[in-house]
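Chemist: Going down the list, the sequences are from chains A and B. Residue 1 is where the first sequence starts when you use the numbering used here, and the numbers rise one by one after that. Residue 1001 is where the second sequence starts when you use the numbering used here, and the numbers rise one by one after that. The beta-carbon is built from N, C-alpha and C at its ideal position, and this holds for glycine as well.
Number of protein chains: 2
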Amino acid sequence: MLSTMQDVPLTVTRILNHGMRVHGTSKIITWTGEGEPHRRTFAEAGARAAQLAHALRDDLGVSGDDRVATLMWNNAEHVEAYYAAPSMGAVLHTLNLRLPADQLTWIVNHAADRVIIVNGSLLPLLAPLLPALGTVEHLVVSGPGDRSLLDGAAQQVHEYEELIAGKPTTYDWPELDERQAAAMCYTSGTTGDPKGVVYSHRSIYLHSMQVNMTQSMGLTDADTSLVVVPQFHVNAWGLPHATFMTGVNMLMPDRFLQPAPLAEMIESERPTHAAAVPTIWQGLLAELTAKPRDVSCVTQVTIGGSACPPSLMKAFDDLGMRVCHAWGMTETSPLGTVSRPPAGVEPGSDEEFAYRLTQGRFPAGVEARLSGPGGDYLPWDGESAGELEVRGPWIAGAYYGGGGADAEPLRPADKFSEDGWLKTGDVGTISPDGFLTLTDRAKDVIKSGGEWISSVDLENALMSHPDVAEAAVVAVPDEKWGERPLATVVLKEGASADFASLRSFLAEKIAKWQLPERWTIIESVPKTSVGKFDKKVLRRQYADGELDVTKL
Amino acid sequence: MLSTMQDVPLTVTRILNHGMRVHGTSKIITWTGEGEPHRRTFAEAGARAAQLAHALRDDLGVSGDDRVATLMWNNAEHVEAYYAAPSMGAVLHTLNLRLPADQLTWIVNHAADRVIIVNGSLLPLLAPLLPALGTVEHLVVSGPGDRSLLDGAAQQVHEYEELIAGKPTTYDWPELDERQAAAMCYTSGTTGDPKGVVYSHRSIYLHSMQVNMTQSMGLTDADTSLVVVPQFHVNAWGLPHATFMTGVNMLMPDRFLQPAPLAEMIESERPTHAAAVPTIWQGLLAELTAKPRDVSCVTQVTIGGSACPPSLMKAFDDLGMRVCHAWGMTETSPLGTVSRPPAGVEPGSDEEFAYRLTQGRFPAGVEARLSGPGGDYLPWDGESAGELEVRGPWIAGAYYGGGGADAEPLRPADKFSEDGWLKTGDVGTISPDGFLTLTDRAKDVIKSGGEWISSVDLENALMSHPDVAEAAVVAVPDEKWGERPLATVVLKEGASADFASLRSFLAEKIAKWQLPERWTIIESVPKTSVGKFDKKVLRRQYADGELDVTKL
């Protein structure tokens, strides 16, 4: 039996229209580095998005599902592109300006971007790549920067403001299928080529509703959100969309992501909420310690991207900025869990703090299961550790295959289960009340005799020894157990290697069967470009016999 | 270009599974009238929903999109039916126990209900109808009541608890199409046959998310909601679904809807939220005035169904129970607007109070427009009055046509626009920031010379005259103007009719062109069964020449 409900698609266009009309006076405030920040209302930004869409269609020939890329900081113009491209039926492609040049080139070519909207300050990064970007026909430059860098480019160069000037401020947006692509974002995988996640209008709409639910960020039009998390990073965690749904003001740092200007914009614009990865907050904390400022206006800080260290959470609590932990990834739009302690937990108690340190609770839109070492699904008992798999309307079920509308999506078996769930690559436990605690990356976990050993637990235990500067533990092949841990240790200056005593030290904290037999001293732990332990280098060095291993 | 997102349907089943798993310890508390209320966790209720589904399928033969009706109060068993029937693919049909017997019979036959789950206390209402309910094969009786009333019934009679006892507590729920019917509810239209609204899994899911958004009810698992609004009335405003999404506890009054037990359950169970129509609150206020109790635990009161009088809102504010006005109807699931004042309005100010008295602001899921007297769409200027039309994924686009899956839906032109919007029949204004103020029903508004005159404004002005007990204003045909207002006045005891002076009195408050020329004295204003002015009786009496009209 069919329902009698209206068949209204969930589209980015609806969010845009609502934000312009019902929350037209809410503001996007863009930091400019000097003097007053730039302020633009949602109504103004929406009118300019319509102008941009006219320009993209009429002047630049954007049609169908053409990809419109952005290489931009967080600012009002970037929000305009967020709405113009998807609402006209095109696909917004946010380029990660932190990626190495070769990956960026690969990504633009794979997505076959036709247009790049770029901030003038990022031209030094883009200009050298241009000869290799064969699909790109147009560059649209916004904001300050040296245009002469584009001299001789094969692409047509446009000034953003000149391009949209005089265009109609309304647009007869097409009625779109909600399952149509709206935006795409590539993961910066450390192994293999980057993978493109293509968000639909539907997934963005539903994710925005979730962000606005009380148990997620739960912001209202009385809030101003300092959106530090980049717009090129999983749609800035959905904030540019969620804010238009409920009228939350956005404070955009543009290129001023250093601790000092961040502290300054908090002090002068008084945001109530802020969102960023832990490293940003570490930097801000150091700044505030060196030069105290009143930042208590920020009553909620959403931290995701990687785990928030307890010391950082405590330090921000002391400043009156309450941290709310969240977990997600490019493939999950990203909101996967939010760590709001459950009812009945005493505020300020150790129990509450422990809940806040978990990755958080799953919302109704995200189904979760833990896949164990044997391939079975594990109970939610807070103890059984398995790889997290998730399912939901804003979770990826494939990657973009390239080649436009005819693309065959990619479904690598290590990323998607046979029944279509996303394998997150994260290993952890889930409590009976649905709180996720991550302990490891699946590729780093040691699969020993049908049980899993957490490399992170071993590393943390090792690094608490007074002689150890750093330690990385990786899985190495073992005939009897399948895999066993190899401990690689960086000693502090003046300390000498005594593996037996290190092993005894570990034995006080770690189950006996998990203790490493293989030990080696290294100069330093190899790191990735973003500073994470690069364990694949260690595994290769071991395989190639480059490490001097002692077996106990 | 297709997105790479998972194609996961939005279903009631997902809400059920989430509530059971992540919020399994949240509770449904059902008032029993004596001693301790009955408490059941979401996990327990979900397990019993699975048992009920087994019984419906295996013992009662429910299959496909069979309609499973409920004639029940708000209680845990009703919540179980809410989840069992839709999740198994059947359609829940909530019967309004306040309807006259002939309408109830008509509705059951029109929906072709196969099963009725009925509270024992409602058997006196149901038993007399049974011979006329030809499609109903099974009655499932729950809770106290005299079963002998069913002696001789043609239907098979089952005891709810016996039926589900011993059944498996899990069910392999089918994967459903989100556009499939989940539940239905008939409007009790005062004219013509009742109209069936059929909610989809999708509409219920999206509406539940909206209820949980911060700018709607915004409840969390720390809340307990006193759900006075009946489950047979637009899904109890979505609360049984929304609560399972976020773990909000439900306090269910069962048949104890009188002011004294309501006050008692607030005092003893300390709910933080309550939802009901104004008349319930009027009664509770009288009770609390007569016998004061501490009800300050209820920090939020959602009032809808009809406008909340300012005096009532003030009185509840004084008790610490803050009223939040909302507007909706059976056709809107029902959440259409919620009146949370916008940012920047001073708490406690007259401006804030004025905002709270409006019907509220549209959420992103509800598009709105005002259709003017000439058929044109009016500006959102807070002054232009038109009929409200709405569009959105939880708004009806048709009525159920009867006849099961093959039914041709009904789309009466006075209820649905050609482009598919719902014509609400409500007349009002929308402010530039999206707040709706309703002034009249479209059928009561007076269309005079291309302009609209509000019957309600004239009535309120008339009733403020010291000689007037009651007054109703209706449109009557007029050769020159199309329609003109007829003032029908009930005088206070001892007062005498002086139409000229009444007209002068009106002239101080109302524009001259809106003043009635036709006047009549009546004994009392005819009322509908729910106590509203029954203006169609007055219009008919005028047409039939039964009224003694003076023309000024």
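#1: In the DSSP assignment, the alpha helix (DSSP H) including H562(A) goes from what residue to what residue?
#2: Do the CB positions of L1226(B) and H1273(B) come within less than 8 Å of each other?
#3: If you compare alpha carbons, which of A1368(B), R1322(B), T1246(B) is closest to L1422(B)?
#4: How close, in whole Å, do the beta carbons of W519(A) and V474(A) come, if the pair is a contact with beta carbons under 8 Å?
#5: To be precise: take each residue of the region 521-547 of chain A, compare its Cβ to all Cβ atoms of chain B, and keep it if any distance is under 7 Å. Which residues remain?
#6: Could you tell me if the beta carbon of P100(A) falls within a distance shorter than 7 Å of some heavy atom in the ligand MG?
#7: In the DSSP assignment, find the alpha helix (DSSP H) that holds K536(A) and state where it starts and stops.
#8: Determine the chain A residues that contact F1362(B) at a beta-carbon separation under 7 Å, and present them in chain order.
#9: In chain B, what lies closer than 9 Å to P516(A) by C-beta?
#10: List the residues that DSSP assigns as beta-bridge partners of G1196(B).
#11: In chain order, which continuous runs of the alpha helix (DSSP H) of length 4 or greater are located wholly inside the region 149-178 of chain A?
#12: Could you name the residues of the region 89-116 of chain A whose beta carbon sits closer than 7 Å to any beta carbon of chain B, in the order they occur along the chain?
#13: Per DSSP, what are the beta-bridge partners of V1445(B) in this structure?
#14: Does chain B have any CB closer than 8 Å to the CB of W394(A)?
#15: Confirm, please, whether the CB-CB distance from V1234(B) to S1306(B) is below 8 Å.
#16: Could you check where the alpha helix (DSSP H) with I204(A) kicks off and where it finishes?
#17: Tell me which residue opens and which closes the beta strand (DSSP E) that S1371(B) is part of.
#18: Under the rule that 16 or more other beta-carbon atoms within 10 Å means buried, what is K27(A), buried or exposed?
#19: So Y1399(B) and G1196(B) are in contact, right, with Cβ under 8 Å, and what is the actual spacing, rounded?
#20: Answer yes or no: does any C-beta atom of chain A fall closer than 8 Å to that of Y1186(B)?
#21: Flag this pair as yes or no: are the beta carbons of C1297(B) and H1325(B) separated by less than 8 Å?
#22: Based on DSSP bridge pairs, tell me the residues matched to G1392(B).
#23: Please identify the residue among E493(A), Q514(A), T488(A), I395(A) whose C-alpha is closest to the C-alpha of F499(A).
#24: Tell me where the beta strand (DSSP E) around K314(A) begins and ends.
#25: I'd like to know whether the C-beta of P1409(B) is nearer than 8 Å to at least one C-beta of chain A.
#26: Could you check if A101(A) is buried or exposed, using at least 16 other CB atoms within 10 Å of its CB as the buried criterion?
#27: DSSP three-state call for P124(A): helix, strand or coil?
#28: Report all residues from its chain with a CB closer than 7 Å to the CB of H1054(B); omit the five preceding and five following residues, and keep chain order.
#29: Of the residues that make up the region 441-462 of chain A, which ones have a beta carbon closer than 9 Å to any beta carbon in chain B?
#30: By the DSSP assignment, the alpha helix (DSSP H) with P477(A) in it spans what residues?
#31: With a CB to CB cut of under 8 Å and the five nearest residues on each side skipped, what residues in its chain are close to F316(A)?
#32: Please report the distance separating the alpha-carbon of K443(A) from that of W380(A).
#33: In whole angstroms, what is the alpha-carbon distance linking G382(A) and L130(A)?
#34: Answer yes if the region 1422-1441 of chain B comes into contact with the region 1384-1402 of chain B, meaning at least three C-beta pairs across the two stretches below 8 Å, and no otherwise.
#35: For K1492(B), which residues from the same chain have a beta carbon less than 8 Å from its beta carbon, with the 5 sequence-adjacent residues on both sides left out?
#36: Considering only C-alpha positions, which residue in the set T1025(B), L1056(B), A1242(B), L1052(B) is nearest to F1042(B)?
Modeler: Taking the definition as stated:
#1: Any question about residue 562(A) goes unanswered here, given that chain A covers just 1 to 552.
#2: Judged by their CB atoms, L1226(B) and H1273(B) are nearer to each other than the 8 Å cut-off.
#3: Considering only alpha carbons, the answer is A1368(B).
#4: Contact doesn't hold; Cβ gap of about 12 Å is too wide.
#5: Of all residues in the region 521-547 of chain A, none has a Cβ within less than 7 Å of some Cβ in chain B.
#6: Ligands are entirely absent from the displayed structure, and the ligand MG is therefore not among its contents.
#7: K536(A): member of the alpha helix (DSSP H) spanning 535-543, first to last residue.
#8: In chain order: V22.
#9: Ordered by position in chain B, no residue passes the 9 Å Cβ test against P516(A), which lies about 37 Å from the chain.
#10: Residue pairing for G1196(B): DSSP places it in a beta bridge opposite Y1186(B).
#11: The alpha helix (DSSP H) runs lying completely inside the region 149-178 of chain A and spanning 4 residues or more are 160-164, given in chain order.
#12: Residues passing the 7 Å Cβ filter: V91.
#13: Beta-bridge pairing links V1445(B) to no other residue.
#14: Chain B contact via Cβ: present.
#15: No. Outside cutoff.
#16: Counting along the chain, the alpha helix (DSSP H) containing I204(A) begins and ends at 201-211.
#17: 1367-1371 is the span of the beta strand (DSSP E), which, as asked, contains S1371(B).
#18: It is buried - the Cβ of K27(A) has at least 16 other Cβ atoms within 10 Å.
#19: Between Y1399(B) and G1196(B) the beta-carbon gap is near 6 Å, inside 8 Å, which marks them as a contact.
#20: It does not: the Cβ of Y1186(B) has no partner Cβ on chain A nearer than 8 Å.
#21: No; because the gap between Cβ atoms is not below 8 Å, this pair is not in contact.
#22: Answer is none; G1392(B) lacks a bridge partner.
#23: For F499(A), the nearest C-alpha among the options comes from T488(A).
#24: Here K314(A) belongs to no beta strand (DSSP E); instead the alpha helix (DSSP H) covers 310-318.
#25: With 8 Å as the cut-off, P1409(B) counts as an interface residue toward chain A.
#26: With fewer than 16 other Cβ atoms within 10 Å, it is exposed.
#27: Reduced to three states, the DSSP call for P124(A) is helix.
#28: Taking H1054(B) as the centre and dropping the five residues before and after it, the same chain places the C-beta of K1167, P1168, Y1171 closer than 7 Å to its C-beta, in chain order.
#29: Listed in chain order, the positions of the region 441-462 of chain A with a beta carbon within less than 9 Å of a beta carbon of chain B would be empty, since no residue qualifies.
#30: Premise fails: P477(A) lies in the beta strand (DSSP E), 468-478, not in any alpha helix (DSSP H).
#31: Excluding its 5 nearest sequence neighbours in each direction, F316(A) has C-beta neighbours in its own chain below 8 Å: W281, L285, V301, R322, V323, listed in chain order.
#32: Spanning the two alpha carbons is a distance of roughly 22 Å.
#33: Cα to Cα, G382(A) sits roughly 51 Å from L130(A).
#34: As far as the Cβ criterion goes, the region 1384-1402 of chain B touches the region 1422-1441 of chain B, which means the pair count is three or higher.
#35: So the qualifying residues of the chain are P1466, D1467, V1468, A1469.
#36: With distances taken between Cα atoms, F1042(B) lies closest to T1025(B).
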